[in-house]
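For reference, the structure discussed in these notes is given below.
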Ligand SMILES: [Zn+2]
Ligand SMILES: [Zn+2]
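In the numbering used here, the protein residues as written are 1 to 381.
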């Protein structure tokens, strides 16, 4: 590894005594994260055809988008400077200052597109930045205040691997969206259910929303259960279960082909039955936050709610390493499904002792995990 990268990693993963308030660690991390985020956003402004998602590209002309970017860059610079003043080890602050300066030299918040876009294909680089900033800023503070595992740091074991999963699925957002909706669209084309679709679309919003949640979870339950019970499917899903730490990043770890299989089957009822675009979009936003929430390192118990809705403790049991946690709690919204189909497991007060798969058969790293399902397995795996 390059010595600067090695130093940055050592700093991010520094022991608690070197991370305490006033040590310049928090400002150093914030400066680096905001600086890199700002630089990547400037890059997506300069090369929108290549690195900007059309929905975000449409915001480029809005004044407030530029203001937000300006604030990100300014905050990145100020935090990095603060860290340089407070901290003996200067690598975080220095790199933070350098990246914000590069972003400023490239045009900063007033950067404009270099050329018109010749191709319809893009990588969602700006989506990645906003995705990580939004989810990180939403979950990290609550995970710090109400942690289930208080000793688990933000930059825990294998955080780089999970961040890389975020990167790949954000960059490939266009391909993933296309593949996710392709089967549902062909069903609609071949089986026009005009009457049913009109009726479903006319139902009140709340009814549509809850119906989408239930139908999606019903399909998700059986697809998920198949991924556990069918051996060759399990080798894809084992990647998701290989996470040894649970937090806001852990849910991102999923084999590319599993993401496609899971999304393309679960959107079928929502898309084919003619739910309104408002209800579908509201559900997509919910499931985006909800799937992060159930993996989060949160101690919240919700004793009443956890009987009706899936909570972190419920899904943490799904990831438990012990025997009693094998093949339980497949639902992602309604524990009722697991009760109905005999897979419910939520012992009073107890949390799983650890996470992952016994013996840890899945190798580390994105590429090795991508290849893992296609490799010969020893009988014990
Ligand atoms: Zn599973
Ligand atoms: Zn999970």
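C-beta: ideal position from N, C-alpha, C; glycine also. The structure displayed is predicted, hence computed values, not measured ones.
By the criterion of a C-beta distance shorter than 8 Å, residue 276 is surrounded in its chain by 201, 205, 208, once the five residues flanking it on both sides are discounted.
Looking at the backbone, the Cα of residue 59 and that of residue 65 are separated by about 6 Å. Secondary structure in the segment 283-347: the alpha helix (DSSP H) runs of 4 residues or longer, each lying completely within the stretch, are 312-318, 336-340 in chain order. Uninterrupted alpha helix (DSSP H) stretches at least 4 residues long and entirely within the segment 208-244 occur at 231-241, given in chain order. Taking 9 Å as the cut-off, the beta carbon of residue 264 is found no closer than this to the beta carbon of residue 169. The beta carbon of residue 344 sits closer than 8 Å to the beta carbons of 328, 329, 335, 338 from its chain, once the five residues preceding and following it are set aside; these are given in chain order. In this structure, 35 is the residue among 44, 50, 35 with its C-alpha nearest to the C-alpha of residue 79.
A direct Cα-to-Cα measurement between residue 106 and residue 223 gives close to 46 Å.
Of the candidates 191, 4, 307, the residue whose Cα lies closest to the Cα of residue 271 is 191. Contact annotation: the segment 99-113 does not touch the segment 216-233, with fewer than three C-beta pairs closer than 8 Å. In terms of side-chain proximity, the C-beta atom of residue 344 is found no nearer than 8 Å to any non-hydrogen atom of ligand 1. Contact check for residue 8 against residue 37 fails: the beta carbons are separated by 9 Å or more. Between residue 74 and residue 41, the C-beta gap is not smaller than 9 Å, which leaves the two residues out of contact. Within the same chain, Cβ atoms closer than 7 Å to the Cβ of residue 135 are found at 248, 292, the five residues on either side in sequence being excluded. Annotation for residue 224 indicates a beta carbon within 8 Å of some heavy atom of ligand 1. The beta-bridge partner set that DSSP reports for residue 355 consists of 320. Contact between residue 254 and residue 295 does not hold, since their C-beta atoms are separated by about 11 Å, which reaches or exceeds 8 Å.
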